[in-house]
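Chains as they are written, first to last, in numbering that gives the first Met the number 0: chain V, 0 to 359; chain C, 0 to 359. For glycine and all other residues, C-beta sits at the position ideal for the given N, C-alpha and C. Just so it is clear, the structure is predicted and the values come from calculations on it, not from any experiment.
There are 2 protein chains.
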Amino acid sequence: MIHNFNPGPAALPPEVIARAQAELADYHGTGMSILEMSHRSKEYEAINAAAEANLKALLGLGDDYRVLFMQGGASMQFALIPLNFLPTGGFAEYIVTGSWGEKAFEEAQRLGQARLLASTADQGYRSLPESDSFTPDPQAAYLHITTNETIQGVQWPAELPQLGPAPLVADMSSDFLSRPFNAGQFALIYAGAQKNLGPAGVTVVVIRQDLIERGRKDLPVIMRYATFAKNNSLYNTPPVFAVYMVNLVLEWIKDQGGLTAMAERNARKAAMVYAAIDESNGFYAGHAAPAARSLMNITFRLPSPELEKKFLSEAQSAGMVGLAGHRSVGGIRASLYNAVSVESATALAQFMQEFAQRYG
Amino acid sequence: MIHNFNPGPAALPPEVIARAQAELADYHGTGMSILEMSHRSKEYEAINAAAEANLKALLGLGDDYRVLFMQGGASMQFALIPLNFLPTGGFAEYIVTGSWGEKAFEEAQRLGQARLLASTADQGYRSLPESDSFTPDPQAAYLHITTNETIQGVQWPAELPQLGPAPLVADMSSDFLSRPFNAGQFALIYAGAQKNLGPAGVTVVVIRQDLIERGRKDLPVIMRYATFAKNNSLYNTPPVFAVYMVNLVLEWIKDQGGLTAMAERNARKAAMVYAAIDESNGFYAGHAAPAARSLMNITFRLPSPELEKKFLSEAQSAGMVGLAGHRSVGGIRASLYNAVSVESATALAQFMQEFAQRYG
Chain V
0 MIHNFNPGPA ALPPEVIARA QAELADYHGT GMSILEMSHR SKEYEAINAA AEANLKALLG
60 LGDDYRVLFM QGGASMQFAL IPLNFLPTGG FAEYIVTGSW GEKAFEEAQR LGQARLLAST
120 ADQGYRSLPE SDSFTPDPQA AYLHITTNET IQGVQWPAEL PQLGPAPLVA DMSSDFLSRP
180 FNAGQFALIY AGAQKNLGPA GVTVVVIRQD LIERGRKDLP VIMRYATFAK NNSLYNTPPV
240 FAVYMVNLVL EWIKDQGGLT AMAERNARKA AMVYAAIDES NGFYAGHAAP AARSLMNITF
300 RLPSPELEKK FLSEAQSAGM VGLAGHRSVG GIRASLYNAV SVESATALAQ FMQEFAQRYG
Chain C
0 MIHNFNPGPA ALPPEVIARA QAELADYHGT GMSILEMSHR SKEYEAINAA AEANLKALLG
60 LGDDYRVLFM QGGASMQFAL IPLNFLPTGG FAEYIVTGSW GEKAFEEAQR LGQARLLAST
120 ADQGYRSLPE SDSFTPDPQA AYLHITTNET IQGVQWPAEL PQLGPAPLVA DMSSDFLSRP
180 FNAGQFALIY AGAQKNLGPA GVTVVVIRQD LIERGRKDLP VIMRYATFAK NNSLYNTPPV
240 FAVYMVNLVL EWIKDQGGLT AMAERNARKA AMVYAAIDES NGFYAGHAAP AARSLMNITF
300 RLPSPELEKK FLSEAQSAGM VGLAGHRSVG GIRASLYNAV SVESATALAQ FMQEFAQRYG
């Protein structure tokens, strides 16, 4: 039994893996694997439609939104968003609370006028900007935020401060579907699937209809959101297996009780690990300020790099994998996405307590 | 038992499906699915490296080439190639022999100066241009061809006519690894995996080192070939499962005897189906001129749309799927990629003979 704390690609629900395995050689009596099926088949079109419908149902969204299944990960979205929605002479605003927001902002600067509305870089990305410290410009083409920063372990609350009337765009790669939130306040949400949604290889985009129509029309066909919307994500061959897996995960979330159940489970898991940090008398030093703590990625340091190495190695021996911090910052990171079980979080918290007792 | 003639996503080797299924829940004793594994894990890095090495070995390529695993399909390559390699003031040349070449050419025209060197559109894409009918310009930034047109069923021979000194770029999505060829004559080859290589969701790019360095540097990071080359296709999260499957297919090709064995098998399969056309006294009318016939996609018409409908429906009842022609042209198309068995081709040829006898 392995406890999988990988930062993404990450743990998937065991029920979903079991089902994918059971039907891998013969999808629903077709005599073919899902891997061998045409994306124009009625079977795949049903999966594609179900994935959009299931996602919209979980988010409580209606006909004014579309769900698109794209490729290239969040990094491709960093470029496609300014390409499509940053008009010549216009500007966009970015709030940067960690490494991923930084990358999104850099790509936008390369492609047009992108302004840094707020950043917590000078505090080492430990917190969120105070809401009275910035004033969004209503004239911005859009305002971009990153709801959860996986590397620093900083997360915006589900209830956001007032962010003004410009179209709100969010990178939710690492906390999408981890809790209920008001999806209707966003013009565009994007998320690489490989955290809470499925395997790597598909990027889910939730986009408001009016924004689609505002996109530039002089771009390559494959780089326009309008192309994906008009063709139900079937303009060209989609990543069939990844979308199929996402749909299985969406059904699993629904079966578990939806986003409310996910939020309760995620809060319980994170509380145990944060308690192990807070009750360690400073042996573990959490990176994020308490008010900005992520429920998805818990980042902390030990008193020395040697102890961190020992921690990782003993954790590995105890069957806990994926706990090394991102190579750009080091330290420890426990990723507790939807599919990570309460048992895994319990095991980690207990291991942390014992390790602190032994070496603290 | 199903005979899978899907045009892509398409049949995969049964041995590969069986292996993927067997190890889906626990990859090599790690206690995790390949779907849950970090792309920075040593296991995935080994898969990524093996896939590059296996592909270069099959193609007989050395250190002057790189293999990249990208996303977005051939349609994304249609845009990325001119974006990277068509300099301001420069021009590229395109030879168009079917619908996919047409799309590649249209995208290039949108992005820079693309010239139509030769086209067989006015004959309905049935043939290849006579080699004395066009003269490639040595000053072109590159010359683009499509080695196999899946929709029309037209294929260039493995041994190409003299195409001049400009860097040769080829869309090989639908005949890559189906036969031995001189890979060293190409500056860039790209192929969506979902025909001969694996499932949908990864695009394989084989690129000569000197071309990588010639790419534009003012593009979004994720749109530069140099980014993928420098980071061994791990700049951002790759489509892990699709690359894993591609590597299994590469090993299968090697085990079968490499590209020579593929070519022999593919020639045998296609010969049977073309014989069923040629010996039908005109009941079946092949689309491609005999000299341009594709060994991958065999396209033909029946005397009436009603008979085509009946053909598809009776074929389906006999366990043969994926035979409808592309929705843009209609008719019948049998795709006989590497993983389609000799038994399936035999069954189809026999069915065609019987059908012609009954309705001819």
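- Residues of the stretch 232–243 of chain V with a Cβ closer than 8 Å to any Cβ of chain C, in chain order: Y234, N235, T236, P237, P238, V239, F240 and A241.
- By the 16-neighbour rule on beta-carbons within 10 angstroms, M0 of chain V is exposed.
- In the three-state reduction of the DSSP assignment, V242 of chain C falls in the helix class.
- Contact note: H38 of chain C reaches chain V through G7, P8, Q193 and A199, using a C-beta cutoff of 9 Å and chain order.
- Interface flag for R109 of chain V against chain C is set, since a Cβ pair is found closer than 8 Å.
- For the pair of segments examined, the stretch 149–169 of chain V was found to touch the stretch 131–141 of chain V: the number of CB pairs separated by less than 8 Å reaches three.
- Per the coordinates, the alpha-carbon of A291 of chain C lies some 50 Å from the alpha-carbon of Q112 of chain V.
- In this structure, the straight-line span from the alpha carbon of L162 of chain C to that of T146 of chain C is close to 13 Å.
- L301 of chain V is a Cβ neighbour of I331 of chain V, given a cutoff of 8 Å.
- Nearest C-alpha to L306 of chain V among V:G71, V:Y243, V:Y358 and V:L322: V:Y358.
- Chain V places no beta carbon closer than 8 Å to that of E92 of chain C, leaving this residue out of the contacts.
- In the DSSP annotation of this structure, the continuous segment of the alpha helix (DSSP H) that includes M271 of chain V starts and ends at G257 to D277.
- Boundaries of the alpha helix (DSSP H) around F354 of chain V: V341 to Y358.
- Fully contained in the stretch 283–350 of chain C are the following beta strand (DSSP E) runs of length 3 or more, in chain order: 296–300 and 331–334.
- Considering only V:R109, V:L110 and V:F104, the residue with the shortest C-alpha distance to S118 of chain V is V:F104.
- Relative to F133 of chain V, the option among V:E106, V:Y93 and V:Q122 whose CA is nearest is V:Y93.
- Interface criterion not met: the Cβ of S130 of chain C is under 8 Å from no Cβ in chain V.
- Cα atoms of I297 of chain C and G71 of chain C: separation of roughly 26 Å, rounded to the nearest angstrom.
- Taking 8 Å as the threshold, the shortest C-beta distance from Q255 of chain V to chain C does not fall below it.
- In chain order, S74, M75, F77, A78, L79, P81, L82, E106, R109 and L110 make up the part of chain C whose C-beta sits under 9 Å from the C-beta of P219 of chain V.
- Here S40 of chain V is buried: its Cβ has 16 or more other Cβ atoms, across all protein chains shown, within 10 Å.
- According to the DSSP secondary-structure assignment, Q154 of chain V is paired through a beta bridge with V:N147.
- Straight-line measurement puts the Cα of L60 of chain C at about 19 Å from the Cα of W251 of chain C.
- The criterion of a C-beta distance shorter than 8 Å is satisfied by P81 of chain C and A107 of chain C.
- A Cβ-Cβ distance of about 7 Å is found for the pair L176 of chain V and L57 of chain V, placing them in contact under the 8 Å criterion.
- A10 of chain C places its beta carbon 8 Å or farther from that of V272 of chain C.
- Here D63 of chain C really is in contact with R207 of chain C; their C-beta atoms are around 6 Å apart, less than 8 Å.
- G197 of chain C and Q20 of chain V have their C-alpha atoms some 17 Å from each other.
- The beta-carbon separation of A199 of chain C and P238 of chain V, rounded to 6 Å, stays under the 8 Å limit for a contact.
- At a beta-carbon threshold of 7 Å, the residues of chain C lying near S32 of chain V are L11 and I16, ordered along the chain.
- Listed by position along chain C, the residues whose Cβ is nearer than 8 Å to that of A24 of chain V are I16, A17 and Q20.
- Where T134 of chain V is concerned, there is no enclosing alpha helix (DSSP H), because DSSP gives it neither an H nor an E.
- With respect to chain V, the C-beta atom of M0 of chain C has a partner C-beta closer than 8 Å.
- At a C-beta separation below 9 Å, M295 of chain C has no neighbours in chain V, since its nearest C-beta there lies roughly 15 Å away.
- Non-local beta-carbon contacts of A182 of chain V in its own chain, meaning distances under 6 Å to residues more than five positions away in sequence, involve L58 and L60 in chain order.
- Each residue's CA atom was taken as its position, placing H27 of chain V and A241 of chain C some 21 Å apart.
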